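Structure, as structure tokens:
In the numbering used here, the protein residues as written are 22 to 346.
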């Protein structure tokens, strides 16, 4: 039988800022309440980066934790992809900064920007590089400091987001069987017609400023469940699987109501859904790897489990990845 390369997960890691901001803390800053936030989002708290904590520093720490779990060193890595909408600099890429901090002098590194779908896009891209033979081992990192984009007078957005980073170590291995461990399928989508429903009102080429996040929350919610479930059905169908075959559903942690509605529409048992939005808030591209690391380290996700990842973000962008752990 002809052997093909498959990207398997060797380790996970995460990093969160030290500062925790609760809903009660936000009550003292804006006209909101713990009850209002929890009822509409499921969020109780989020981590907010201090001045010295950046996307790069959080991403580096998450990468080191993933490498430690994988039993590898930075010298084993020849590809780094960082999914982020909040890089330390306009350029060079945060991935290159992390590469330098890890002491890696070979291979290649770059950032990927698909907002909250960034990690799904980055994981898909890394899988393609590994299966093509262009790299052997990759660090795929989702890292964000979305607090830098917040308008802290806008109670509709500032209560939603948090900072953090998560990482995976992927390795290309030969797989003789089609159901071997690793990334099984990825499906990506985008539709720029919805860009003004979730965006940042600044940028180097327009205002010359970072800008603030702006969102039409009801419109985002209206589109989210349908888009998410469609791409998940497409992914499951490509593998001749159904929702019953999924051991763990790890969605983007944007809003508990979106998570619950998506799982219900897909027919996934709530006990199979990994939820961290209550503790982390929406950490954009970092949310899926943070949730993955949580579920791996507490023993829920185990070898050979079928793990379904999905995300939707500004653009709109959305996508799904199915992995046999």
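C-beta: ideal position from N, C-alpha, C; glycine also.
Remember, it's a predicted structure, so these values are computed and weren't measured experimentally.
query                                                                                                               : result
Host beta strand (DSSP E) of residue 24 (start-end)                                                                 : Neither: residue 24 is in no beta strand (DSSP E) and is coded neither H nor E.
Length of the line joining the Cα atoms of residue 181 and residue 304                                              : 9 Å
Rounded C-alpha distance that separates residue 50 from residue 173                                                 : 8 Å
In DSSP terms, what residue 303 is bridged to                                                                       : 182
Sequence-distant residues of the same chain with beta carbon closer than 7 Å to residue 289, five excluded per side : 264, 267, 270
Nearest-angstrom Cβ-Cβ length linking residue 61 and residue 99, presumed shorter than 8 Å                          : Between residue 99 and residue 61 the Cβ distance is about 44 Å, and since that is not below 8 Å, they are no contact.
Spatial distance of residue 219 from residue 84 (CA atoms)                                                          : 29 Å
Residue 162 versus residue 94: straight-line alpha-carbon distance, rounded                                         : 16 Å
Which residues DSSP lists as bridging residue 68, in chain order                                                    : 41
Per-residue burial, residue 112 [other beta carbons within 10 Å of its own, 16 or more giving buried]               : exposed
CB-CB length for residue 301 against residue 68, believed under 8 Å                                                 : 7 Å
Residue 237 versus residue 336: straight-line alpha-carbon distance, rounded                                        : 13 Å
Straight-line Cα distance separating residue 39 from residue 47                                                     : 17 Å
Alpha-carbon spacing of residue 343 relative to residue 29, whole angstroms                                         : 12 Å
Limits of the beta strand (DSSP E) - the one that residue 249 falls within                                          : Residue 249 -> not in any beta strand (DSSP E); alpha helix (DSSP H) instead, spanning 238-259.
Range of the contiguous beta strand (DSSP E) that encloses residue 102                                              : 100-104
Close beta carbons around residue 22, own chain, < 6 Å, minus the five adjacent residues each side                  : In this prediction, residue 22 has a pLDDT of 48, which is less than 50 and means its spatial position is unreliable; nothing more can be read from the coordinates.
Terminal residues of the alpha helix (DSSP H) in which residue 309 lies                                             : 308-318
Segment contact, 8 Å Cβ cut-off, at least three pairs: the region 227-245 with the region 322-329                   : no
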